[in-house]
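Below: the structure, in structure tokens.
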Amino acid sequence: MMRRAVEAAGPVDLRFFKDEDLRCILEADKNERRREAAERELALRASRRHSDAGAVSELH
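The opening position of the sequence shown corresponds to residue 116 in the numbering used here, with each subsequent residue numbered one higher.
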């Protein structure tokens, strides 16, 4: 019951979701705020991957 209430109200903590699950939310979730939160989390992860890759290449 609580889960439905939270999901109806908006985003939950999406940091622990897999990328694939976030993409599913982005494409199919009816809640606009959850879609926006999933989009932000995916963008944040992409920027982290990009900056981490640059740091690794500088070490080699």
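We put the CB at the ideal spot given by N, CA and C, even for glycine.
When the Cα atoms are used, what is the spatial distance from L157 to R119? 23 angstroms
State the Cα-Cα distance for the pair L159 and K145, rounded to the nearest angstrom. 22 angstroms
Under 8 angstroms: does the beta carbon of R149 sit that close to some heavy atom of the ligand GDP? Ligands in the displayed structure: none, and consequently the ligand GDP is not present.
Give me the Cα-Cα distance between R149 and S162, rounded to the nearest whole angstrom. 20 angstroms
Would you call A153 buried or exposed, if buried means 16 or more other Cβ atoms sit within 10 Å of its Cβ? buried
Go to R141, then tell me how far its alpha helix (DSSP H) extends in each direction, as first and last residue. Reading off the sequence shown, one finds Leu at residue 141, where the question assumed Arg. Unbroken alpha helix (DSSP H) run through L141: 134 to 143.
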